[in-house]
Amino acid sequence: FDPAEHTAAACLAWLRKAIQENVTFWKMQPVAPAESIFPDAPPGCRAMAWPGQEYVLGTSAAQADIQVRLPPGVWRVKRFDAIARQEADLGELAGGGHKFDAPASRAVLLHFKKIVAEPKAIEPPL
1 FDPAEHTAAA CLAWLRKAIQ ENVTFWKMQP VAPAESIFPD APPGCRAMAW
51 PGQEYVLGTS AAQADIQVRL PPGVWRVKRF DAIARQEADL GELAGGGHKF
101 DAPASRAVLL HFKKIVAEPK AIEPPL
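Heads up, the sequence shown is in this note's numbering, so the first residue is 1 and it goes up one at a time.
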């Protein structure tokens, strides 16, 4: 294998590093997207889950309004575009329904990782 001969080598190396630094993939297993937190994922999407803790949705085409139903807790959401080699931090969200877009790219991962078990109620000051 000669990486100089393969144009995808740099993108794959970038994606591998992003996964190693962000995704607990060894605790995840492949799931049907609709049987996970992605009830209406478009055809061709792939999903992995560590139920209740971490989820990844992969797509190879632009997707708009991907519905996600997060379990209770606070979740950090990131998007990884392997072709553009860009990581986007989409923020922190409380559990519940949300929608996301995936850019036109041949390799995009949306990553959802629980960072707080339950959101704290905001108490008014005394």
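C-beta atoms are modelled at their ideal positions from N, C-alpha and C, and glycine is treated no differently. Predicted, not measured: the structure shown is a model, and the values here were computed from it.
Ignore the nearest five residues each way along the sequence and tell me which others in residue i's own chain have a CB closer than 7 Å to its CB.
i: Ile116; result: First, the residue type needs correcting, since residue 116 is Val and not Ile in the sequence shown. Result list for Val116: Gly73 and Val74, in chain order.
i: Asn22; result: Lys78 and His111
Spell out the partners DSSP gives residue i in its beta bridges.
i: Gln63; result: Ala102
i: Asp81; result: Gln86 and Val108
i: Lys114; result: Trp75
i: Arg16; result: Arg16 is not bridged to any residue.
i: Glu54; result: Trp50 and Lys113
i: Val132; result: It is not possible to answer for residue 132, since the shown part of the chain is limited to 1 through 126.
Look at the alpha carbon of residue i and the alpha carbon of residue j, and state the distance between them as a whole number of angstroms.
i: Arg85; j: Pro103; result: 12 Å
i: Gly91; j: Lys27; result: 23 Å
i: Arg69; j: Ala13; result: 31 Å
i: Ala47; j: Pro30; result: 6 Å
i: Leu15; j: Pro51; result: 23 Å
i: Tyr55; j: Gly44; result: 17 Å
i: Lys113; j: Ala10; result: 26 Å
i: Pro71; j: Pro33; result: 15 Å
Say yes only if the C-beta of residue i is nearer than 7 Å to one or more non-hydrogen atoms of the ligand COA, and no if none qualify.
i: Val23; result: This structure simply doesn't include the ligand COA, nor any ligand for that matter.
Excluding the 5 residues preceding and the 5 following residue i in the sequence, name in chain order all residues of the same chain whose CB lies nearer than 8 Å to its CB.
i: Lys99; result: Asp65, Ile66, Gln67 and Val68
So residue i is in the beta strand (DSSP E); what residue range does that whole segment cover?
i: Gln29; result: Gln29 to Val31
i: Ala127; result: Absent from the model: residue 127. The displayed extent of the chain is 1 to 126, so no value can be given.
Excluding sequence positions up to five away, which residues of its chain have a Cβ less than 6 Å from the Cβ of residue i?
i: Ala88; result: Arg79
i: Gln63; result: Pro42 and Ala102
Would you check if the region 101 to 116 and the region 44 to 62 touch, i.e. whether three or more CB-CB distances between them fall below 8 Å? Short answer: they touch.
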